[in-house]
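In what follows, a single structure is set out as structure tokens and then discussed.
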Amino acid sequence: MRTSIALPIFCLGLLQVTALKRDTLDSLTNLCIDSTSHKTTPSREASLYKQCSPWKERSCCTENTTRIAHESTTDLYNIDFGHCAPLSKKCKEHFVQDICFYECSPNTGPWLIEKPNNKYVTEKANNAPLCESDCTNWYNDCKYDLTCVENWGEDFNWTTGVSTCPTNSQCKTFEDIYGSAAKFCSKVWNYSWKMVPDSEPCIHMWFDSSKGNPNDAVALQHAKKILNAGSIFGTSPMVAMAVSILYLFSS
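Just so we're aligned: the sequence shown equals residues -19 to -1, 1 to 232 in mature numbering (1 follows the signal peptide of the UniProt record, and there is no 0).
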């Protein structure tokens, strides 16, 4: 972690994470996002629908949630995937897989920050390290699909209750809007993801569940960095989590 970070940024990080009150390995690596659609704690599901099935052994989602993720024309928070035109089959599969990860994964804890003033969720991932191979495949399979905004988490018009294109916006290809896989993965969900090389500890949205969940080890490693930062700085676990925000922004 770089150490030349200004104190005001540190204070901002502290404000973002203090309310989350997660200061143990278990609370950082075995939790569900606080939202209207997530379970309160991870548990086994008898089955999960299609692309979400890899998470059934330890899941934050229900079978019904995963079915909605596959069959609805919007996501669970009223973002219309067809706001310009229906997504291509391959592109839609990546967005469904992203929803499966977001709804089902118990591994998001090390990257969560508060998301105030939202009726669906109280927190979001911030700069979670997405493996370059996953990010690149997602972008390449969507680059000729259409969108009208860069940041799907912030830029849509919501006056109808469903995401629509803002006045005077134009539908363009993902390639025209983003220009690169790295920018796409960072911007599309308001900096929830950050593309990193596969050689670094990183999250795979696509994995073979028969070999276990590779993201367990990634979350554990990042959680240990958060808690170890507190020991190094001689601070409380809450301040350690603030230090982790600096790590997320500077790594």
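Note that beta-carbon positions come from the ideal geometry of N, C-alpha and C, so glycine has one too.
Checklist line | Segment contact, 8 angstroms Cβ cut-off, at least three pairs: the segment 153 to 165 with the segment 188 to 204 | finding: no
Next item on the list: Could you pull out every residue in the same chain whose Cβ sits closer than 6 angstroms to the Cβ of R39, ignoring the five residues on either side in sequence?
Entry: P23 and P87
Next item on the list: List in chain order: all unbroken alpha helix (DSSP H) runs of 4+ residues lying wholly within the segment 14 to 101.
Entry: 44 to 52 and 70 to 85
Next item on the list: Run the CB neighbour count on A(-1), radius 10 Å, all protein chains shown included, and call it buried at 16 or more, exposed below.
Entry: At A(-1), the pLDDT of 36 sits below 50, so the modelled position is not reliable; the number obtained from the coordinates is stated separately. So A(-1) counts as exposed.
Note to self: Quick check: the Cα distance between K124 and P67, rounded to an integer number of angstroms?
What the structure shows: 14 angstroms
Next item on the list: Under 6 angstroms Cβ to Cβ from C112, same chain only, skipping five residues before and after it: list those, please.
Entry: D179, C183 and H185
Notebook entry, point to check: Taking the alpha-carbon positions, what's the A198 to A204 distance?
Noted result: 10 angstroms
Notebook entry, point to check: Taking the DSSP output, what are the residues bridged to N138?
Noted result: T145
Checklist line | Neighbourhood of L9 by C-beta, 6 angstroms cutoff - its chain only, sequence neighbours within 5 removed | finding: R3, G90, P91 and A204
Item checked: Close-in-space but distant-in-sequence residues of the same chain around Y172 (CB under 7 angstroms, 5 per side omitted) -> N107 and N108
Item checked: N138 beta carbon less than 7 angstroms from that of T128 -> no
Note to self: If you reduce the DSSP assignment to three classes, tell me which class F188 lands in.
What the structure shows: coil
Next item on the list: Kindly indicate the opening and closing residues of the beta strand (DSSP E) around K175.
Entry: W174 to V177
Check: Based on the DSSP secondary-structure assignment, which residues constitute the bridge partners of A106?
Finding: L93
Margin query: Considering only the alpha carbon of each residue, which of N121, A210, L12 and T148 lies closest to H75?
Written below: N121
Notebook entry, point to check: Can you tell me whether DSSP reads L12 as helix, strand or coil?
Noted result: coil
Item checked: Buried versus exposed call for T47 [16 or more other C-beta atoms within 10 Å across all chains shown] -> buried
Checklist line | Counted within 10 angstroms of its Cβ, other Cβ atoms place D115 as buried (16 or more) or exposed | finding: buried
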